[in-house]
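*Asks:* Residue numbers (this note's numbering): 175 to 355.
1. Among 179, 186, 299, 257, which one has its Cα closest to the Cα of residue 318?
2. Let me know if residue 327 comes out buried or exposed under the rule of 16 or more other beta-carbons within 10 Å of its beta-carbon.
3. When DSSP labels each residue in this structure, what does residue 240 get in the three-state scheme?
4. According to DSSP, which residues form a beta bridge with residue 336?
5. Return the first residue and the last residue of the alpha helix (DSSP H) that residue 308 is part of.
6. Can you grab the Cα-Cα spacing for the pair residue 195 / residue 355, in whole Å?
7. If you run the structure through DSSP and keep just helix, strand and coil, what is residue 290?
8. Residues in the same chain with beta-carbon distance under 8 Å from residue 216, minus the five sequence neighbours each way, listed in chain order, please.
9. Determine contact between the stretch 201-212 and the stretch 260-277, defined as no fewer than three beta-carbon pairs at a distance below 8 Å.
10. According to the Cβ coordinates, are residue 352 and residue 335 closer than 8 Å?
11. Where do the N-terminal and C-terminal ends of the alpha helix (DSSP H) with residue 227 fall, by residue?
12. Less than 8 Å between C-beta atoms, sequence neighbours within five positions excluded: which residues of the same chain meet that for residue 184?
13. If residue 294 and residue 253 are in contact, beta carbons under 8 Å, what's the gap, nearest whole angstrom?
14. Between the C-alpha atoms of residue 206 and residue 343, what's the straight-line distance to the nearest angstrom?
So, in structure tokens, the structure goes:
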């Protein structure tokens with residue numbers, strides 16, 4: 175059965191996007207990451223938040239990578255959690271209005287591979303619902319000072335995590351964790 179993995183790049187002060195979802199901060203920090211390159215082949219489907227789906231792109235201006243998952247390194251079924259689907263269908267994208275259905279559809283599409291969660295709010299919803307299995311945070315050596323937090327859960331409960339792997343590349347540190355249930 176597929177596992178839900180939240181993979182995300184984060185500044186050292188805990189932000190995954192700048193103010194209003196600005197992802198331009200990440201552009202100067204993108205570089206080779208063999209662990210991420212290996213992970214891409216293990217992803218069977220994406221579960222994406224609507225703001226992430228229609229939001230800012232660190233590859234903006236790069237015609238070959240802009241608007242493509244993992245800068246064009248991955249292709250497959252995407253499930254976007256939203257209450258406001260677009261009027262026109264988007265090839266390869268299924269718009270789903272509730273978390274349970276989105277998770278079930280994404281897991282079915284992924285088979286034995288990962289469902290990769292993209293978007294802070296969807297990741298928080300998955301964590302709160304007890305369906306998030308793993309978190310891979312690529313910690314980038316920069317301080318943003320403001321923006322979208324990795325997990326913003328005021329009043330939330332304590333969630334125990336167990337380290338699976340810690341890896342380093344010249345421009346980042348990969349911290350892979352399992353959600354302990």
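Glycine residues also receive a C-beta, built at the ideal position from the N, C-alpha and C atoms.
*Replies:* In brief:
1. 186
2. exposed
3. With a pLDDT of only 49 at residue 240, under 50, the local geometry of the prediction cannot be trusted, and the value read off the model is given with reservation. Coil, per DSSP.
4. 352
5. Counting along the chain, residue 308 falls outside any alpha helix (DSSP H), though it belongs to the beta strand (DSSP E) covering 308-314.
6. 31 Å
7. strand
8. 287, 288
9. no
10. yes
11. 224-227
12. 190, 311, 312, 313, 314, 324
13. So it is not a contact: roughly 17 Å between Cβ atoms.
14. 8 Å
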